[in-house]
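Numbered per numbering that gives the first Met the number 0, the sequence shown finishes at 69, counting up by one with no gaps.
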Amino acid sequence: MQTMLVEGKTPQRMLTVDEVAKRIGQSRWSVYRKVAAGQIPAVRLGEGRAALRIDERELNRWLYGEDGLE
């Protein structure tokens, strides 16, 4: 897991595709498909086929609704 620092904001926990797959009980390929379909918000760390990261708060919102777990 990575932590992304944004000036003046609480650090964001950025999850890998494998971490997300484990949390939702699906394959990593299912996670990639959901990201490609726009179902799970993600950021790409570069161009082309660069690594994806999913903000943990955004994943919680997707899983549990607007308020997430916080």
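C-beta atoms are modelled at their ideal positions from N, C-alpha and C, and glycine is treated no differently.
Is residue i close to the ligand NAP? I mean its beta-carbon at under 7 Å from any heavy atom of the ligand.
i: I53; result: With respect to the ligand NAP, the structure shown offers nothing to examine, as it has no ligands at all.
Measuring CA to CA, which of the options is closest to residue i?
i: K33; options: G64, E46, Q11 and V16; result: V16
i: P40; options: L58, I23, G24 and Q25; result: L58
i: R70; options: R52, G24, G64 and V30; result: The chain is shown from 0 up to 69; residue 70 falls before or after that span and cannot be answered.
i: A49; options: Y31, R22 and E18; result: Y31
How would you write the range of the alpha helix (DSSP H) that residue i sits in, first residue to last?
i: I39; result: No alpha helix (DSSP H) holds I39; DSSP gives it neither H nor E.
i: S29; result: R27 to A35
Any idea what DSSP makes of residue i, helix, strand or coil?
i: R12; result: strand
i: R48; result: coil
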